[in-house]
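Here the sequence shown is numbered in the UniProt record's numbering, starting from 7 and rising by one per residue.
C-beta atoms are modelled at their ideal positions from N, C-alpha and C, and glycine is treated no differently.
Quick caveat: nothing in here was measured; it's all calculated off a predicted structure.
A quick write-up on the structure given underneath.
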Amino acid sequence: QTEAALAAIVASATLDALEAQRLETLGKKGWVSLALKTLGGMSPEERTAAAPAIQSARAAIAEALDAKKAALEAAELEAALARETIDLTLPAQAASKGSVHPVSQVMDELAEIFADLGFAVATGPEIEDDWHNFTALNMDETHPARAMHDTFYFPDKTVEGKDVLLRTHTSPVQIRSMLDQGAPIRIIAPGRVYRSDSDATHTPMFHQVEGLVIDKDIHLGHLKWTLETFFKAFFEREDITLRLRPSYFPFTEPSVEVDVGYSNEGGRRVVGGHGDAPGHAWMEIGGSGMVNARVLAFAGLDPAEWQGFAFGLGIDRIAMLKYGMNDLRAFFDGDPRWLAHYGFSP
Ligand code: PHE
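This is the structure:
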């Protein structure tokens with residue numbers, strides 16, 4: 007019987023079959039276990055005579071079960087390894103990489119150029135309050151200029167009694183900088199701004215860079231030199247010409263709009279040259295002026311002691327000019343083919 011059991015164990019082809027053999031022999035109701043139990047009912051003499059055979063059968067069977075189990079498990083592992091082999095010679099799947107967005111690229115570049123001119127980068131919240139966005143910039147509740155901003159308000163929300171809105175320009179950072187650090191100041195503040203407006207040249211979110219210089223004896227000539235120097239570095243051309251055109255902003259006095267001379271080359275606007283020269287024209291690139299004395303006072307500075315200039319430029323617009331892009335909306339579609347077309351791929 008032992009020989010038969012050992013043979014059956016060796017012949018087991020699967021772990022299940024082997025388990026069946028174990029139950030038949032060493033299991034609770036297996037014949038070896040039952041035989042061992044009969045020893046208890048025997049006389050000492052009978053037991054001495056019968057025990058060795060049963061004990062050695064049990065040991066032999068247990069040993070055979072263990073050996074076969076190890077062999078079957080090893081075989082199963084071999085089979086799994088063979089089944090799951092990986093072909094290391096297959097080409098890897100190309101992962102798509104991102105690239106810097108043209109707007110980010112321009113923000114980095116202008117921060118670098120202005121850093122060379124001694125400007126630090128300042129920031130303010132995109133969720134602004136009415137006071138910083140309007141009132142402190144000399145636009146009280148009844149000011150008509152407020153209506154021109156197509157402001158996104160947060161309905162039913164106030165902070166310390168002030169309405170909450172998405173900032174419509176980066177100018178509130180002027181106020182925050184003056185209140186935070188006092189004078190003198192030399193900062194730029196690039197960032198997102200929001201207006202409820204959308205067509206080929208307007209998106210509800212766009213980017214501006216604010217500039218603010220507060221010091222003593224600052225005048226419009228400093229403003230013109232600063233912007234000219236910036237545009238020469240940014241467009242990498244010496245023949246940049248700016249024109250300051252009288253304008254109106256509540257927060258500057260006097261106020262000027264800044265135009266840059268350009269020409270059309272192959273359907274593309276190329277910055278450079280005098281706007282009145284043949285084949286050239288002027289293009290508006292931003293607003294600016296001397297900081298209004300009322301704004302200085304709102305921001306805690308004495309207008310008798312300090313004055314300065316401020317400007318606001320559209321970053322998306324100067325990015326379009328630099329890279330020859332013509333649809334502002336494409337900036338925010340996130341289409342990698344559009345980016346690649348203009349050379350913005352990794
Ligand atoms: N904040 C103005 C705008 O968004 C631009 C500007 C900034 C004008 C600073 C003058 C001075 O239109």
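Query, Result
"Residue from 232, 38, 345 and 134 whose Cα sits closest to the Cα of residue 165", "134"
"Among 329, 247, 224 and 249, nearest to residue 310 - alpha-carbon criterion", "224"
"CB contact flag (residue 27, residue 11, <8 Å)", "yes"
"Entirely enclosed beta strand (DSSP E) segments - the stretch 12 to 50, minimum 3 residues", "none"
"Simplified DSSP assignment, three categories, for residue 328", "helix"
"Any non-hydrogen atom of ligand 1 closer than 7 Å to residue 261 Cβ", "yes"
"Proximity to residue 268 [Cα-Cα], best of 243, 254, 47 and 261", "243"
"In DSSP terms, what residue 164 is bridged to", "169"
"Beta-carbon separation (whole angstroms), residue 60 vs residue 42, contact threshold 8 Å", "6 Å"
"Proximity test, residue 157 beta-carbon vs ligand 1 heavy atom, cut-off 7 Å", "no"
"Cα-Cα separation between residue 22 and residue 71, rounded to whole angstroms", "12 Å"
"Short Cβ contact (8 Å threshold) for residue 316 with residue 185", "no"
"CB-CB length for residue 57 against residue 40, believed under 8 Å", "Going by Cβ atoms, the distance from residue 57 to residue 40 rounds to 14 Å, so no, they are not a contact pair."
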